[in-house]
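Numbers in this note's numbering are just positions in the first sequence, counted from 1, shifted up by 8. Cβ atoms here follow ideal geometry from the backbone N, Cα and C, with glycine treated the same way. The structure displayed is predicted, hence computed values, not measured ones. First the structure, in the form of structure tokens, and then the observations on it.
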Amino acid sequence: MAAPKTAIVPTRSEDYAQWYQEVIKAADLAETSPVRGCMVIKPWGYGLWENIQQNLDARFKATGHKNAYFPLFIPLSFMQREADHVEGFAKECAVVTHHRLEPDADGQLQPAGELEEPLIVRPTSETIIGEMFSKWIESYRDLPLLINQWANVVRWEMRTRLFLRTAEFLWQEGHTAHATEQEAVDETLQMLDIYKEFAENTMAMPVITGAKSEGERFPGAVETYSIEAMMQDGKALQSGTSHFLGQNFSRAQDITFQNDNKEVEFAWTTSWGVSTRLIGALIMSHADDDGLVLPPRLAPSHIVIIPITFKADDPDAILNYCHKLAADLGVLNYHGRNVTVEIDNRDIRGGEKTWGWVKKGIPIRLEVGPRDMESDSVFMARRDKGHKEKQGVPREEFITTVTDILDEIQQGLFDRAVARRNEATQTIDSKEDFYKHFEGDGSGFVYAHFCGDPAVEDEIKGDLKVTLRCIPLHGHDEEGTCIFTGKPSKQRVLWAKSY
RNA sequence: CGGGGUGUAGCUCAGCUUGGCAGAGCGCUUGUUUUGGGAACAAGAGGCCGCAGGUUCAAAUCCUGUCACCCCGACCA
Numbered sequence: 009m010a011a012p013k014t015a016i017v018p019t020r021s022e023d024y025a026q027w028y029q030e031v032i033k034a035a036d037l038a039e040t041s042p043v044r045g046c047m048v049i050k051p052w053g054y055g056l057w058e059n060i061q062q063n064l065d066a067r068f069k070a071t072g073h074k075n076a077y078f079p080l081f082i083p084l085s086f087m088q089r090e091a092d093h094v095e096g097f098a099k100e101c102a103v104v105t106h107h108r109l110e111p112d113a114d115g116q117l118q119p120a121g122e123l124e125e126p127l128i129v130r131p132t133s134e135t136i137i138g139e140m141f142s143k144w145i146e147s148y149r150d151l152p153l154l155i156n157q158w159a160n161v162v163r164w165e166m167r168t169r170l171f172l173r174t175a176e177f178l179w180q181e182g183h184t185a186h187a188t189e190q191e192a193v194d195e196t197l198q199m200l201d202i203y204k205e206f207a208e209n210t211m212a213m214p215v216i217t218g219a220k221s222e223g224e225r226f227p228g229a230v231e232t233y234s235i236e237a238m239m240q241d242g243k244a245l246q247s248g249t250s251h252f253l254g255q256n257f258s259r260a261q262d263i264t265f266q267n268d269n270k271e272v273e274f275a276w277t278t279s280w281g282v283s284t285r286l287i288g289a290l291i292m293s294h295a296d297d298d299g300l301v302l303p304p305r306l307a308p309s310h311i312v313i314i315p316i317t318f319k320a321d322d323p324d325a326i327l328n329y330c331h332k333l334a335a336d337l338g339v340l341n342y343h344g345r346n347v348t349v350e351i352d353n354r355d356i357r358g359g360e361k362t363w364g365w366v367k368k369g370i371p372i373r374l375e376v377g378p379r380d381m382e383s384d385s386v387f388m389a390r391r392d393k394g395h396k397e398k399q400g401v402p403r404e405e406f407i408t409t410v411t412d413i414l415d416e417i418q419q420g421l422f423d424r425a426v427a428r429r430n431e432a433t434q435t436i437d438s439k440e441d442f443y444k445h446f447e448g449d450g451s452g453f454v455y456a457h458f459c460g461d462p463a464v465e466d467e468i469k470g471d472l473k474v475t476l477r478c479i480p481l482h483g484h485d486e487e488g489t490c491i492f493t494g495k496p497s498k499q500r501v502l503w504a505k506s507y
């Protein structure tokens, strides 16, 4: 059978949605599960999540946050406390009403032992963490309170897609309380910056930071900020959010403290999170028609060594050579963790083995056979280059330059993603051009002046499925007139079709 | 939740219109020959035809219901 031209069928241009699913399958990241809307994250995919966790957690700790854990179940009455919050989440909550199973006459297990008050499975934890904050906070001396939790949450979505939107997903949710409004706003923006920095530096995924419009705001928040990334099909993906909650939740949940003037005040709170959706963002930022492409700083493994032993006089010598090489590489430090090496000595054909690693997106593949061992070198292929661009490199040279090569790959992925985004970004100055652009196949980011009227936003969404992604924080201050209403506008805002 | 589509071997699917022994390719197992970028041959293993009812001498096939997944909407990290 002739090899297909691409490892992934269909390609991105043929059927993007299908391509996305095939990449996940081919890279062995995750599968759908017997439970509707829930996914099984497999080792290679979970390895990505572990690296996301490790990297972000260090950033949270460095800015003074501590991890804690709160219950999966939230009393129904807690959800009731903040009106907007209720409205935002009520429709997608899983509800626990019983605490026991009993066999019926036919021996079928039936729920029994009805709970006095139903519990909901957390869709987010503002309410239960707020409840605890109200107990923990008494004095201004208890503030700021900076807490993060790594957890799973459940939102009963109508339509799900692996990583992008699943009924259960993994995330972190930071929750903080502050004595002053300014401090809480600063915290909100600080965490947004950390997300941006993480996305760009670690994931090699450029993002735009900005504020959400009223309609796109987190239920109960005063202000929601997000990082918005551009996927390869020209659709935007909200990849992380940071909310300034004002005193809305502290009023609803009685989070008060006494200030140094003996007065009782409501605390100012924030919350912020990123989820396993980031893995979807990663795939759609970097993967190509041959499968996943991983930025080295997030890759579960950096290098795979494939021993070529089939026609060697002494296969063990090659294996030993590979193990020694792996050990030499494994002590190198690459951005806070050791270089991670796999030796793939599975007894399968070389081509199949190689393509497996291509599809998994490992940054560097090394083939080591008798000829290489003899010349004390390795045969290197990079995932960011063509499959045939392999080159022999002396072993010593490879060891001394490998972290530079990884950085070069990392930087290359970022540059490529920036270039793609720039190409998919334009500035538009009339309603007519705006509609012309987005009707049909139009995609990408569009900067346009906007007066801020929510009704106009709804209309555009209805007409074109285009939403206001964010009101960018940096670099777009410029007086103008709204292209939809002609009213004055202080700056251009960011529009796109989105996930 | 509305519209459309699909459920048959681990995977991709044929068979269904017109009811009559459960099929193919890939993958898997074993063996031989191969092997520096998706190997060849041979012999095997593997299915409650999504699930539950119904019609019939007989159901993968017809009827009813139900569940799941995919695509398009509405909603969302």
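What's the C-alpha gap between residue i and residue j?
i, j, result
"residue 223", "residue 505", "15 Å"
"residue 499", "residue 118", "59 Å"
"residue 14", "residue 303", "21 Å"
"residue 154", "residue 182", "8 Å"
"residue 379", "residue 233", "56 Å"
"residue 200", "residue 218", "9 Å"
"residue 480", "residue 62", "29 Å"
"residue 90", "residue 255", "11 Å"
"residue 355", "residue 37", "23 Å"
"residue 437", "residue 226", "30 Å"
"residue 10", "residue 435", "Reliability fails at residue 10, whose pLDDT of 40 lies under 50, so the model's placement of it is uncertain and the value that follows must be treated cautiously. Cα to Cα, residue 10 sits roughly 46 Å from residue 435."
"residue 75", "residue 349", "30 Å"
"residue 265", "residue 459", "39 Å"
"residue 334", "residue 382", "17 Å"
"residue 445", "residue 175", "34 Å"
"residue 71", "residue 474", "36 Å"
"residue 484", "residue 126", "48 Å"
"residue 308", "residue 53", "8 Å"
"residue 427", "residue 267", "51 Å"
"residue 171", "residue 431", "26 Å"
"residue 271", "residue 482", "38 Å"
"residue 508", "residue 44", "There is no way to answer for residue 508, as the model of the chain reaches only from 9 to 507."
"residue 413", "residue 56", "20 Å"
Leaving out five residues on either side along the sequence, give the residues of the same chain with a beta carbon under 7 Å from the beta carbon of residue i.
i, result
"residue 407", "336, 337"
"residue 65", "none"
"residue 131", "97, 100, 101, 161, 162, 163"
"residue 193", "252"
"residue 41", "47, 48"
"residue 16", "27, 30, 31, 34, 297, 298, 299"
"residue 330", "313, 315, 351, 376"
"residue 361", "314, 352, 354"
"residue 343", "305"
"residue 120", "106, 108, 109, 110"
"residue 490", "457, 458, 459, 497"
Please list, in chain order, all residues of the same chain as residue i whose beta carbon is under 8 Å from its beta carbon, the five residues on each side excluded.
i, result
"residue 433", "238, 452, 453, 454, 455"
"residue 462", "221, 222, 223"
"residue 188", "276"
"residue 133", "78, 82, 157, 159, 161, 181, 183"
"residue 292", "28, 239, 240, 241, 245"
"residue 88", "94"
"residue 341", "347, 411"
Give every residue of the same chain whose Cβ lies closer than 6 Å to the Cβ of residue i, excluding the five residues on either side of it in the sequence, and list them in chain order.
i, result
"residue 488", "457, 497"
"residue 158", "180"
"residue 492", "439, 464"
"residue 68", "156"
"residue 39", "48"
"residue 400", "385, 387"
"residue 250", "196, 199, 200, 233, 280"
"residue 320", "326, 378"
Quick test of your reading: residue i and residue j, contact by CB under 8 Å. State the CB separation rounded to the nearest angstrom.
i, j, result
"residue 78", "residue 140", "7 Å"
"residue 391", "residue 366", "7 Å"
"residue 123", "residue 211", "That pair is no contact at about 42 Å."
"residue 263", "residue 142", "5 Å"
"residue 129", "residue 104", "7 Å"
"residue 208", "residue 442", "Contact flag wrong, Cβ pair sits at about 28 Å."
"residue 418", "residue 305", "6 Å"
"residue 236", "residue 215", "6 Å"
"residue 301", "residue 310", "Incorrect: roughly 13 Å between the Cβ atoms, too far for contact."
3 or more residues per run - each beta strand (DSSP E) lying fully within the segment 268 to 308: Here the runs fully enclosed are 272 to 274, 276 to 283.
Minimum length 4: unbroken alpha helix (DSSP H) runs contained in the segment 326 to 408: The qualifying runs are 358 to 368, 378 to 382.
Segment contact, 8 Å Cβ cut-off, at least three pairs: the segment 275 to 292 with the segment 309 to 326: The answer is no - the segment 309 to 326 does not touch the segment 275 to 292, with fewer than three Cβ pairs under 8 Å.
In chain order, each alpha helix (DSSP H) run of at least 4 residues that lies wholly inside the segment 42 to 81: Scanning the segment 42 to 81 for uninterrupted alpha helix (DSSP H) segments of 4 residues or longer gives 51 to 70, listed from N- to C-terminal end.
Those runs of the alpha helix (DSSP H) which lie wholly inside the segment 397 to 477 and span at least 4 residues: Under the rule that a run must span 4 or more residues, the alpha helix (DSSP H) segments found entirely inside the segment 397 to 477 read 403 to 431, 439 to 446, 462 to 472.
Start-end ranges of the beta strand (DSSP E) lying completely within the segment 190 to 239, minimum 3 residues: Counting whole runs of 3 or more residues, the segment 190 to 239 contains the beta strand (DSSP E) stretches 215 to 219, 231 to 238.
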